[in-house]
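Below: the structure, in C-alpha coordinates.
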Amino acid sequence: MSVAHILVVDDEPEIAESLADFLVRKDYAISIAVTGEEARDFLETAVRPAHTPVDLVLLDMRMPHMSGLEVLHWLRQNPADELRYTRVIMLTAATGNREKIEALNAGADDYITKPYHPQELLARVQTLLRTQQLEKQLQQQRQQLAHLNRVSNEIAATLDLRRVFTHAAEGIRLVLGTEIAAVFMKTLSKGSLHCQQLSGGEILAEQYPAIPYGRGLIGQTLDQPRVFRINDLAAEPLYNPSVDTAASAEIRAILAVPIIVRGNSWGVLAAFRTSPTPFSEFALDLLASLSSSISAAIENGWLVQNLQARQQDLLDSRNTLQAMMDGILHPIYTIGANWELLSVNQNKRDELENETGELVGRVCYAAFSSATPPASIAKWPKCWPINSPKRGRCAGAGLTSNCANGM
(Lines of atoms letter the chains of each structure in order from A and count residues from 1; the text may use other names and numbers.)
(Lines give C-alpha, C1' and ligand atoms only; values in the text may rest on other atoms or scores of the structure.)
Protein backbone atom coordinates (compact mmCIF):
# COMPACT_ATOMS: atom_id res chain seq x y z
CA MET A 1 0.00 0.00 0.00
CA SER A 2 1.36 3.47 -0.90
CA VAL A 3 2.11 6.03 1.81
CA ALA A 4 -0.73 8.50 2.42
CA HIS A 5 0.01 12.09 1.41
CA ILE A 6 -1.18 14.77 3.88
CA LEU A 7 -1.19 18.54 3.28
CA VAL A 8 -0.85 20.66 6.44
CA VAL A 9 -2.21 24.21 6.00
CA ASP A 10 -1.62 26.75 8.79
CA ASP A 11 -0.56 30.40 8.72
CA GLU A 12 1.58 29.81 11.83
CA PRO A 13 4.73 28.05 10.55
CA GLU A 14 5.62 26.69 14.00
CA ILE A 15 2.30 24.85 14.29
CA ALA A 16 2.55 23.59 10.72
CA GLU A 17 6.09 22.27 11.30
CA SER A 18 5.08 20.64 14.58
CA LEU A 19 2.18 18.82 12.92
CA ALA A 20 4.38 17.78 10.02
CA ASP A 21 7.15 16.40 12.25
CA PHE A 22 4.67 14.36 14.29
CA LEU A 23 3.00 12.85 11.21
CA VAL A 24 6.29 12.11 9.45
CA ARG A 25 7.26 9.95 12.44
CA LYS A 26 4.04 8.01 11.82
CA ASP A 27 5.18 7.22 8.26
CA TYR A 28 3.03 9.72 6.36
CA ALA A 29 4.23 11.86 3.45
CA ILE A 30 3.76 15.51 4.45
CA SER A 31 3.56 18.79 2.52
CA ILE A 32 3.09 22.24 4.07
CA ALA A 33 1.27 25.41 2.94
CA VAL A 34 1.11 28.59 5.07
CA THR A 35 -1.66 30.45 3.19
CA GLY A 36 -5.01 29.54 1.67
CA GLU A 37 -3.82 30.59 -1.77
CA GLU A 38 -0.72 28.43 -1.50
CA ALA A 39 -2.86 25.46 -0.42
CA ARG A 40 -5.23 25.96 -3.36
CA ASP A 41 -2.36 26.13 -5.87
CA PHE A 42 -0.67 23.08 -4.35
CA LEU A 43 -3.88 21.01 -4.51
CA GLU A 44 -4.47 21.96 -8.15
CA THR A 45 -0.95 20.93 -9.08
CA ALA A 46 -1.07 17.68 -7.10
CA VAL A 47 -3.84 16.17 -9.25
CA ARG A 48 -1.89 16.63 -12.47
CA PRO A 49 0.03 13.74 -14.05
CA ALA A 50 3.44 12.93 -12.56
CA HIS A 51 2.45 14.50 -9.21
CA THR A 52 1.36 12.85 -5.96
CA PRO A 53 -2.31 13.57 -5.14
CA VAL A 54 -3.26 14.67 -1.64
CA ASP A 55 -5.22 12.15 0.44
CA LEU A 56 -6.01 14.41 3.41
CA VAL A 57 -5.84 18.13 4.25
CA LEU A 58 -5.34 19.44 7.78
CA LEU A 59 -6.77 22.93 7.26
CA ASP A 60 -6.57 25.87 9.66
CA MET A 61 -9.94 27.58 9.75
CA ARG A 62 -8.76 31.13 10.48
CA MET A 63 -6.19 32.50 8.04
CA PRO A 64 -5.77 35.98 6.50
CA HIS A 65 -6.78 36.68 2.89
CA MET A 66 -8.14 33.25 1.92
CA SER A 67 -9.52 31.52 5.01
CA GLY A 68 -9.76 27.80 5.62
CA LEU A 69 -13.52 27.94 5.01
CA GLU A 70 -12.93 29.55 1.62
CA VAL A 71 -10.44 26.82 0.69
CA LEU A 72 -13.01 24.24 1.80
CA HIS A 73 -15.75 25.87 -0.31
CA TRP A 74 -13.39 25.90 -3.30
CA LEU A 75 -12.71 22.19 -2.86
CA ARG A 76 -16.33 21.13 -2.46
CA GLN A 77 -17.45 23.13 -5.51
CA ASN A 78 -14.56 22.03 -7.73
CA PRO A 79 -15.62 20.22 -10.93
CA ALA A 80 -12.73 17.76 -10.61
CA ASP A 81 -13.70 14.70 -8.55
CA GLU A 82 -10.11 14.30 -7.35
CA LEU A 83 -10.40 17.68 -5.59
CA ARG A 84 -14.10 17.77 -4.70
CA TYR A 85 -13.90 14.60 -2.61
CA THR A 86 -10.60 15.35 -0.85
CA ARG A 87 -10.77 14.53 2.87
CA VAL A 88 -10.50 17.62 5.12
CA ILE A 89 -9.99 17.96 8.89
CA MET A 90 -10.52 21.55 10.06
CA LEU A 91 -8.20 22.96 12.73
CA THR A 92 -9.93 25.55 14.92
CA ALA A 93 -8.92 27.46 18.04
CA ALA A 94 -12.55 28.11 18.98
CA THR A 95 -13.90 26.26 22.00
CA GLY A 96 -17.53 26.90 21.14
CA ASN A 97 -19.73 24.97 18.76
CA ARG A 98 -20.48 27.68 16.20
CA GLU A 99 -17.28 27.32 14.16
CA LYS A 100 -17.38 23.53 14.40
CA ILE A 101 -20.94 23.44 13.06
CA GLU A 102 -20.02 25.95 10.37
CA ALA A 103 -17.07 23.80 9.27
CA LEU A 104 -19.12 20.60 9.15
CA ASN A 105 -21.93 22.32 7.24
CA ALA A 106 -19.37 23.57 4.72
CA GLY A 107 -18.27 19.99 4.02
CA ALA A 108 -15.46 19.26 6.47
CA ASP A 109 -15.09 15.57 7.26
CA ASP A 110 -13.96 16.22 10.83
CA TYR A 111 -12.48 18.90 13.06
CA ILE A 112 -9.99 19.18 15.92
CA THR A 113 -9.41 22.05 18.32
CA LYS A 114 -6.11 23.73 19.11
CA PRO A 115 -4.01 23.00 20.98
CA TYR A 116 -4.42 19.52 19.56
CA HIS A 117 -3.70 16.30 21.41
CA PRO A 118 -1.28 14.24 19.26
CA GLN A 119 -2.99 10.88 19.83
CA GLU A 120 -6.44 12.33 19.17
CA LEU A 121 -5.17 13.92 15.96
CA LEU A 122 -3.57 10.63 14.88
CA ALA A 123 -6.76 8.67 15.58
CA ARG A 124 -8.87 11.06 13.51
CA VAL A 125 -6.35 11.00 10.65
CA GLN A 126 -6.22 7.20 10.65
CA THR A 127 -10.01 6.90 10.71
CA LEU A 128 -10.49 9.20 7.72
CA LEU A 129 -7.71 7.59 5.70
CA ARG A 130 -9.06 4.12 6.45
CA THR A 131 -12.52 5.18 5.26
CA GLN A 132 -11.02 6.74 2.15
CA GLN A 133 -9.10 3.55 1.39
CA LEU A 134 -12.26 1.46 1.69
CA GLU A 135 -14.11 3.80 -0.67
CA LYS A 136 -11.27 3.57 -3.19
CA GLN A 137 -11.39 -0.22 -2.99
CA LEU A 138 -15.16 -0.23 -3.55
CA GLN A 139 -14.81 2.07 -6.53
CA GLN A 140 -12.05 -0.11 -7.99
CA GLN A 141 -14.14 -3.24 -7.45
CA ARG A 142 -17.12 -1.67 -9.20
CA GLN A 143 -14.90 -0.89 -12.18
CA GLN A 144 -13.48 -4.41 -12.16
CA LEU A 145 -16.97 -5.94 -12.08
CA ALA A 146 -18.03 -3.74 -15.00
CA HIS A 147 -14.96 -4.90 -16.97
CA LEU A 148 -15.67 -8.52 -16.00
CA ASN A 149 -19.25 -8.27 -17.22
CA ARG A 150 -18.14 -6.87 -20.58
CA VAL A 151 -15.40 -9.47 -21.07
CA SER A 152 -17.75 -12.31 -20.06
CA ASN A 153 -20.31 -11.11 -22.62
CA GLU A 154 -17.63 -11.03 -25.32
CA ILE A 155 -16.59 -14.58 -24.45
CA ALA A 156 -20.20 -15.82 -24.35
CA ALA A 157 -20.83 -14.38 -27.83
CA THR A 158 -17.83 -16.22 -29.32
CA LEU A 159 -17.90 -19.82 -30.55
CA ASP A 160 -14.40 -19.88 -32.02
CA LEU A 161 -12.11 -21.21 -29.28
CA ARG A 162 -9.06 -19.25 -30.46
CA ARG A 163 -11.00 -16.02 -30.04
CA VAL A 164 -12.30 -17.22 -26.66
CA PHE A 165 -8.72 -17.67 -25.44
CA THR A 166 -7.68 -14.27 -26.84
CA HIS A 167 -10.60 -12.50 -25.12
CA ALA A 168 -9.79 -14.35 -21.89
CA ALA A 169 -6.10 -13.45 -21.73
CA GLU A 170 -6.69 -9.81 -22.62
CA GLY A 171 -9.68 -9.70 -20.26
CA ILE A 172 -7.60 -10.89 -17.31
CA ARG A 173 -5.17 -8.03 -17.75
CA LEU A 174 -8.01 -5.53 -18.03
CA VAL A 175 -10.07 -6.82 -15.10
CA LEU A 176 -7.21 -7.48 -12.68
CA GLY A 177 -4.82 -4.78 -13.87
CA THR A 178 -2.09 -7.40 -14.08
CA GLU A 179 0.88 -7.34 -16.43
CA ILE A 180 0.76 -10.88 -17.86
CA ALA A 181 -2.04 -13.41 -18.41
CA ALA A 182 -2.19 -16.85 -20.01
CA VAL A 183 -4.59 -19.64 -20.95
CA PHE A 184 -3.35 -23.24 -20.81
CA MET A 185 -5.25 -26.27 -22.15
CA LYS A 186 -4.31 -29.91 -21.78
CA THR A 187 -3.36 -32.12 -24.72
CA LEU A 188 -4.45 -35.68 -23.99
CA SER A 189 -2.10 -37.27 -26.50
CA LYS A 190 0.94 -35.60 -24.92
CA GLY A 191 -0.09 -35.67 -21.25
CA SER A 192 0.77 -32.02 -20.70
CA LEU A 193 -0.57 -28.48 -20.62
CA HIS A 194 0.11 -26.19 -23.57
CA CYS A 195 -0.16 -22.40 -23.63
CA GLN A 196 -2.97 -21.42 -26.00
CA GLN A 197 -2.78 -17.65 -25.46
CA LEU A 198 -0.25 -15.40 -23.72
CA SER A 199 -0.79 -11.67 -23.27
CA GLY A 200 1.96 -9.35 -22.04
CA GLY A 201 4.75 -11.92 -21.75
CA GLU A 202 8.29 -11.75 -23.07
CA ILE A 203 7.74 -14.82 -25.29
CA LEU A 204 5.03 -16.07 -27.66
CA ALA A 205 2.42 -18.60 -26.57
CA GLU A 206 3.93 -21.31 -28.79
CA GLN A 207 7.33 -20.71 -27.15
CA TYR A 208 5.98 -21.41 -23.66
CA PRO A 209 7.29 -24.83 -22.57
CA ALA A 210 4.82 -27.70 -22.21
CA ILE A 211 3.84 -28.26 -18.57
CA PRO A 212 3.49 -31.90 -17.45
CA TYR A 213 0.43 -32.57 -15.30
CA GLY A 214 1.27 -31.86 -11.66
CA ARG A 215 4.48 -29.87 -12.26
CA GLY A 216 4.73 -26.44 -10.66
CA LEU A 217 1.83 -24.28 -9.54
CA ILE A 218 0.18 -24.33 -12.96
CA GLY A 219 0.47 -28.10 -13.32
CA GLN A 220 -0.89 -28.61 -9.80
CA THR A 221 -3.84 -26.31 -10.57
CA LEU A 222 -4.93 -28.77 -13.25
CA ASP A 223 -3.93 -31.97 -11.48
CA GLN A 224 -5.57 -31.35 -8.10
CA PRO A 225 -7.63 -29.37 -9.28
CA ARG A 226 -7.34 -26.33 -6.98
CA VAL A 227 -6.77 -22.57 -7.00
CA PHE A 228 -3.56 -20.77 -6.11
CA ARG A 229 -3.00 -17.21 -4.88
CA ILE A 230 0.73 -16.89 -4.30
CA ASN A 231 2.18 -13.47 -3.49
CA ASP A 232 5.54 -14.80 -2.25
CA LEU A 233 6.86 -17.29 -4.77
CA ALA A 234 10.09 -17.92 -2.88
CA ALA A 235 8.14 -19.29 0.10
CA GLU A 236 5.94 -21.63 -2.00
CA PRO A 237 7.33 -25.21 -2.19
CA LEU A 238 5.29 -26.10 -5.30
CA TYR A 239 6.70 -23.17 -7.28
CA ASN A 240 8.75 -24.28 -10.29
CA PRO A 241 10.39 -21.36 -12.13
CA SER A 242 11.00 -23.35 -15.33
CA VAL A 243 7.25 -23.63 -15.97
CA ASP A 244 5.53 -21.14 -13.66
CA THR A 245 7.46 -18.01 -14.64
CA ALA A 246 8.59 -18.88 -18.17
CA ALA A 247 6.74 -15.81 -19.49
CA SER A 248 8.99 -13.39 -17.58
CA ALA A 249 11.77 -13.60 -15.02
CA GLU A 250 10.29 -10.54 -13.29
CA ILE A 251 7.12 -12.31 -12.09
CA ARG A 252 6.51 -11.87 -8.35
CA ALA A 253 2.99 -13.21 -7.82
CA ILE A 254 0.70 -15.77 -9.47
CA LEU A 255 -3.04 -16.42 -9.55
CA ALA A 256 -4.15 -19.71 -11.09
CA VAL A 257 -7.59 -21.34 -11.37
CA PRO A 258 -8.66 -24.50 -13.22
CA ILE A 259 -10.95 -24.44 -16.25
CA ILE A 260 -13.62 -27.04 -15.49
CA VAL A 261 -15.75 -28.35 -18.37
CA ARG A 262 -18.44 -31.00 -17.75
CA GLY A 263 -16.95 -31.81 -14.36
CA ASN A 264 -13.40 -32.35 -15.62
CA SER A 265 -10.35 -30.10 -15.46
CA TRP A 266 -9.35 -29.19 -19.02
CA GLY A 267 -7.10 -26.19 -18.56
CA VAL A 268 -5.75 -23.40 -16.38
CA LEU A 269 -6.33 -19.65 -16.33
CA ALA A 270 -3.34 -17.76 -14.90
CA ALA A 271 -2.52 -14.16 -14.01
CA PHE A 272 1.05 -13.00 -13.34
CA ARG A 273 2.16 -9.82 -11.58
CA THR A 274 5.59 -8.26 -11.90
CA SER A 275 4.84 -5.30 -9.60
CA PRO A 276 5.03 -5.60 -5.79
CA THR A 277 1.25 -5.15 -5.46
CA PRO A 278 -0.16 -8.44 -4.09
CA PHE A 279 -3.18 -10.27 -5.46
CA SER A 280 -6.27 -9.98 -3.23
CA GLU A 281 -8.97 -12.55 -2.48
CA PHE A 282 -11.32 -10.43 -4.58
CA ALA A 283 -8.94 -10.77 -7.54
CA LEU A 284 -9.06 -14.55 -7.13
CA ASP A 285 -12.88 -14.44 -7.15
CA LEU A 286 -12.83 -12.39 -10.35
CA LEU A 287 -10.48 -14.85 -12.05
CA ALA A 288 -12.65 -17.79 -10.97
CA SER A 289 -15.72 -16.07 -12.42
CA LEU A 290 -13.91 -15.50 -15.71
CA SER A 291 -12.89 -19.16 -15.74
CA SER A 292 -16.57 -20.14 -15.47
CA SER A 293 -17.38 -17.98 -18.50
CA ILE A 294 -14.60 -19.66 -20.47
CA SER A 295 -15.84 -23.11 -19.44
CA ALA A 296 -19.33 -22.31 -20.75
CA ALA A 297 -17.89 -20.93 -24.00
CA ILE A 298 -15.76 -24.06 -24.52
CA GLU A 299 -18.78 -26.31 -23.97
CA ASN A 300 -20.83 -24.23 -26.41
CA GLY A 301 -18.01 -24.48 -28.93
CA TRP A 302 -17.94 -28.24 -28.56
CA LEU A 303 -21.71 -28.45 -29.07
CA VAL A 304 -21.49 -26.40 -32.25
CA GLN A 305 -18.61 -28.55 -33.53
CA ASN A 306 -20.64 -31.72 -32.87
CA LEU A 307 -23.67 -30.23 -34.62
CA GLN A 308 -21.59 -29.25 -37.64
CA ALA A 309 -20.06 -32.74 -37.74
CA ARG A 310 -23.52 -34.34 -37.70
CA GLN A 311 -24.73 -32.02 -40.44
CA GLN A 312 -21.71 -32.99 -42.53
CA ASP A 313 -22.42 -36.69 -41.89
CA LEU A 314 -26.01 -36.23 -43.07
CA LEU A 315 -24.83 -34.40 -46.17
CA ASP A 316 -22.29 -37.13 -46.92
CA SER A 317 -24.97 -39.82 -46.47
CA ARG A 318 -27.35 -37.93 -48.76
CA ASN A 319 -24.64 -37.58 -51.40
CA THR A 320 -23.81 -41.29 -51.12
CA LEU A 321 -27.47 -42.24 -51.52
CA GLN A 322 -27.84 -39.94 -54.51
CA ALA A 323 -24.76 -41.47 -56.10
CA MET A 324 -26.23 -44.94 -55.65
CA MET A 325 -29.52 -43.82 -57.17
CA ASP A 326 -27.74 -42.20 -60.09
CA GLY A 327 -26.09 -45.51 -60.91
CA ILE A 328 -29.44 -47.30 -61.35
CA LEU A 329 -30.85 -47.32 -64.91
CA HIS A 330 -34.50 -47.54 -63.91
CA PRO A 331 -36.23 -44.30 -62.87
CA ILE A 332 -36.24 -43.62 -59.11
CA TYR A 333 -38.04 -40.71 -57.50
CA THR A 334 -38.35 -39.37 -53.96
CA ILE A 335 -41.69 -37.60 -53.43
CA GLY A 336 -42.53 -35.35 -50.47
CA ALA A 337 -45.70 -35.12 -48.40
CA ASN A 338 -47.10 -32.45 -50.75
CA TRP A 339 -46.36 -34.53 -53.88
CA GLU A 340 -43.27 -32.48 -54.74
CA LEU A 341 -40.22 -34.18 -56.20
CA LEU A 342 -37.37 -34.24 -53.67
CA SER A 343 -34.89 -36.11 -55.86
CA VAL A 344 -34.68 -37.90 -59.20
CA ASN A 345 -31.93 -40.29 -60.21
CA GLN A 346 -29.58 -39.19 -62.96
CA ASN A 347 -31.00 -41.56 -65.60
CA LYS A 348 -34.51 -40.13 -65.46
CA ARG A 349 -33.27 -36.57 -64.90
CA ASP A 350 -31.26 -36.67 -68.12
CA GLU A 351 -34.30 -38.01 -69.95
CA LEU A 352 -36.87 -35.47 -68.76
CA GLU A 353 -35.06 -32.23 -67.92
CA ASN A 354 -34.34 -31.49 -71.55
CA GLU A 355 -38.09 -31.64 -72.18
CA THR A 356 -39.60 -30.09 -69.06
CA GLY A 357 -36.79 -28.20 -67.32
CA GLU A 358 -35.67 -28.63 -63.68
CA LEU A 359 -37.58 -31.47 -61.98
CA VAL A 360 -36.68 -31.25 -58.28
CA GLY A 361 -39.14 -29.13 -56.36
CA ARG A 362 -41.98 -29.48 -58.85
CA VAL A 363 -45.21 -31.34 -58.14
CA CYS A 364 -44.87 -34.81 -59.60
CA TYR A 365 -47.93 -34.70 -61.89
CA ALA A 366 -46.71 -31.42 -63.36
CA ALA A 367 -43.23 -32.78 -63.90
CA PHE A 368 -44.29 -36.03 -65.56
CA SER A 369 -47.53 -35.13 -67.33
CA SER A 370 -49.24 -32.24 -68.97
CA ALA A 371 -52.48 -33.24 -67.26
CA THR A 372 -54.14 -30.72 -64.97
CA PRO A 373 -54.21 -31.41 -61.22
CA PRO A 374 -57.17 -33.30 -59.73
CA ALA A 375 -60.21 -31.36 -58.60
CA SER A 376 -59.43 -32.00 -54.95
CA ILE A 377 -56.67 -33.64 -52.97
CA ALA A 378 -59.21 -36.15 -51.68
CA LYS A 379 -59.54 -37.57 -55.22
CA TRP A 380 -55.78 -37.84 -55.71
CA PRO A 381 -54.57 -41.48 -55.69
CA LYS A 382 -53.02 -42.88 -52.55
CA CYS A 383 -49.56 -44.36 -52.17
CA TRP A 384 -49.34 -48.02 -51.31
CA PRO A 385 -46.52 -50.27 -50.20
CA ILE A 386 -44.38 -51.58 -53.03
CA ASN A 387 -45.79 -55.11 -52.60
CA SER A 388 -49.45 -53.99 -52.50
CA PRO A 389 -51.82 -55.63 -55.04
CA LYS A 390 -53.15 -52.13 -55.70
CA ARG A 391 -49.78 -50.96 -56.97
CA GLY A 392 -50.12 -49.42 -60.41
CA ARG A 393 -48.48 -46.83 -62.62
CA CYS A 394 -48.69 -43.06 -62.70
CA ALA A 395 -50.60 -42.06 -65.80
CA GLY A 396 -48.23 -40.78 -68.43
CA ALA A 397 -45.32 -40.71 -66.01
CA GLY A 398 -43.91 -44.21 -66.04
CA LEU A 399 -43.84 -44.46 -62.21
CA THR A 400 -43.24 -48.05 -61.11
CA SER A 401 -42.31 -47.49 -57.47
CA ASN A 402 -44.93 -47.21 -54.74
CA CYS A 403 -47.49 -44.95 -56.41
CA ALA A 404 -50.82 -46.62 -57.31
CA ASN A 405 -54.46 -46.15 -58.22
CA GLY A 406 -53.89 -44.88 -61.70
CA MET A 407 -51.62 -42.03 -60.66
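For the working numbering, count along the sequence shown from 1 and bump the result up by 46. Glycine included, every Cβ here is placed at the ideal spot set by N, Cα and C.
Taking a contact to require three or more Cβ pairs closer than 8 Å, the stretch 217–236 and the stretch 287–300 qualify as touching. Residue pairing by DSSP puts residue 241 in a beta bridge opposite 230. Residue pairing from DSSP places residue 313 in a beta bridge opposite 231 and 305. By the beta-carbon neighbour count (other beta carbons within 10 angstroms, threshold 16), residue 377 is buried.
For the set 254, 252 and 272, the Cα lying nearest the Cα of residue 260 is the one of 272. DSSP places residue 408 in the coil class of the three-state scheme, outside both helix and strand. Check the Cα spacing between residue 300 and each of 263, 140 and 288: the tightest is with 263. Assignment of beta-bridge partners to residue 137 by DSSP yields 106 and 158. Every unbroken stretch of the alpha helix (DSSP H) spanning 4 or more residues and falling wholly within the stretch 270–355 is given here in chain order: 287–290.
Taken through DSSP and simplified to helix, strand or coil, residue 380 comes out as strand.
By the 16-neighbour rule on beta-carbons within 10 angstroms, residue 317 is buried. Our two residues, residue 160 and residue 297, have alpha carbons roughly 49 Å apart in a direct line.
In this structure, residue 348 keeps its C-beta atom at 9 Å or more from the C-beta atom of residue 303. For the 9 Å CB-CB criterion, residue 139 and residue 109 do not form a contact. By the Cβ-count criterion, residue 232 is buried, with 16 or more other Cβ atoms from all chains shown falling within 10 Å of its own Cβ. Approximately 11 Å separates the beta-carbon atoms of residue 315 and residue 330; this is outside 8 Å, ruling out the contact. For residue 51, the enclosing beta strand (DSSP E) starts and ends at 51–55.
Here residue 61 is not near residue 77, since their CB atoms are 9 Å or more apart.
For residue 75, the enclosing beta strand (DSSP E) stretches over residues 75–79. Around the beta carbon of residue 363, fewer than 16 other beta carbons lie within 10 angstroms, which makes this residue exposed.
Nearest to residue 66 by C-alpha distance, out of 267, 103 and 95, is 103.
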